[in-house]
Amino acid sequence: MDNRGFTLIELMISATLGIVLVSGAYMVYNSQIQSNVVHEELTATQQGLRAAMYMISKELRKAGYDPDPNNAAGATILVARDDRVRVSFVENEDGLNNDSDAQTDEDDELRMVTYELKDVNSDGNTDLVRTDDVATDVMLAANVDQLEFFYTLNNGTLTVNPADPDDVRMVQVTLLGRTGRSGGSDSRTVSYSPPRPAGWTGPAAPVWTYTDAFRRVQLTNTVLVRNLM
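So for the sequence shown, the working numbering puts the first residue at 24; every next one is plus one.
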């Protein structure tokens, strides 16, 4: 009868194999957790951008709205730049004092809103901001790296900086947002660019390139400014 046990070498080999197997299982588990976190961050970023895009599109469509054409209040597009837009429209049934004159919902009461990027939290990251008539900044989406407005004018001209904002008839809005947390050590280089229509012969669209572990989402929507048609 053989009563010999395991040798020290055999025990060391078994322990090493056990450590390797446990380490491998932990790495797979940790990778799965990290992947889930990144997915949740991307989903939250996308939902935030969609909500912000809805708000921008809604108020761009209102630009120039005035239900009383016989008493024009001056509703129009006030500023039209590639990185900033300011619009005005009559809104005299919202229960608010939109023009800061101590009166609520008077006839031809103008509301003016501005959309642009600012570092609202002073954390070094730009955010999509909506500024109203009384210069109150409201952050619509955090960690928005890029915002571009691209305009179609009344004569069909395409531009990012119209000479006269009143000529704008359509606005293409592009947002590039990123996750609040990085994807760990998985750094990569990715480039993004706002779309341009077929046949575009103007300056090339900007290219936004990032080398980091953050994940990004780009959204584009085109809005017809129907009240200025």
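Even glycine gets a Cβ: it sits at the ideal position worked out from N, Cα and C.
Do you know how far the Cα of serine 216 is from the Cα of proline 229? 6 angstroms
Per the contact definition of three or more C-beta pairs closer than 8 angstroms, is the segment 105–114 in contact with the segment 77–89? yes
Does the Cβ of glycine 179 have 16 or more other Cβ atoms within 10 Å, making it buried, or fewer, making it exposed? exposed
Determine the contact status of valine 307 and leucine 198, defining contact as a CB-CB distance below 9 angstroms. This structure cannot speak to residue 307, because the chain is shown only from 24 to 252.
Proximity of isoleucine 79 and tyrosine 138 at Cβ, strictly below 9 angstroms: yes
Quick check on lysine 81: buried or exposed, where buried means 16 or more other Cβ atoms within 10 Å of its Cβ? exposed
By how many angstroms is the C-alpha of tryptophan 231 removed from the C-alpha of proline 188? 26 angstroms
Quick check on this structure: which residue in Ala221, Val191, Leu65 has the alpha carbon closest to the alpha carbon of leucine 247? Val191
Flag glycine 147 as yes if its beta-carbon sits less than 9 angstroms from any beta-carbon of chain C, otherwise no. Included in the structure is just one protein chain, with no chain C present.
Where do the N-terminal and C-terminal ends of the beta strand (DSSP E) with alanine 164 fall, by residue? 160–164
Going by DSSP, what residue range makes up the beta strand (DSSP E) through arginine 204? Arginine 204 -> no beta strand (DSSP E), and no H or E assigned at all.
Using CA atoms only, rank isn't needed, just tell me which of Asn177, Ala186, Val43 is closest to asparagine 250. Asn177
Determine the direct distance from the alpha carbon of threonine 234 to that of glycine 118, and round the result to whole angstroms. Its pLDDT being 49, under 50, glycine 118 is placed unreliably in this model, and the value from its coordinates should be taken loosely. The alpha-carbon atoms of glycine 118 and threonine 234 are separated by roughly 47 angstroms.
Distance between valine 61 and proline 220 (C-alpha atoms, nearest Å): 32 angstroms
Beta carbon of threonine 149, beta carbon of aspartate 156: below 9 angstroms? no
Could you say which of Val108, Gly225, Lys85, Val213 lies nearest to glutamine 241 if we only look at CA atoms? Val213
Pick from Gly222, Ser46, Ala165, Gln195 that is closest to lysine 204, judged by C-alpha positions: Rather than lysine, the amino acid found at residue 204 in this sequence is arginine. With distances taken between Cα atoms, arginine 204 lies closest to Ala165.
Where serine 76 falls, given that 16 or more other Cβ within 10 Å makes a residue buried: It is worth fixing the name first, because residue 76 is methionine in this sequence and not serine. Buried, because 16 or more other Cβ atoms sit within 10 Å of the Cβ of methionine 76.
Go to phenylalanine 112, then tell me how far its beta strand (DSSP E) extends in each direction, as first and last residue. 108–113
Per DSSP, what kind of secondary structure is valine 61 in: helix, strand or coil? helix
In its own chain, which residues sit with a C-beta less than 7 angstroms from the C-beta of valine 252, not counting the 5 before and 5 after it? It should be pointed out that residue 252 corresponds to methionine in this sequence rather than to valine. Arg192, listed in sequence order.
Buried or exposed, going by whether 16 or more other CB atoms sit within 10 Å of the CB of alanine 186? exposed
One question on the structure: do threonine 175 and valine 152 come within less than 9 angstroms of each other, judged by their Cβ atoms? no
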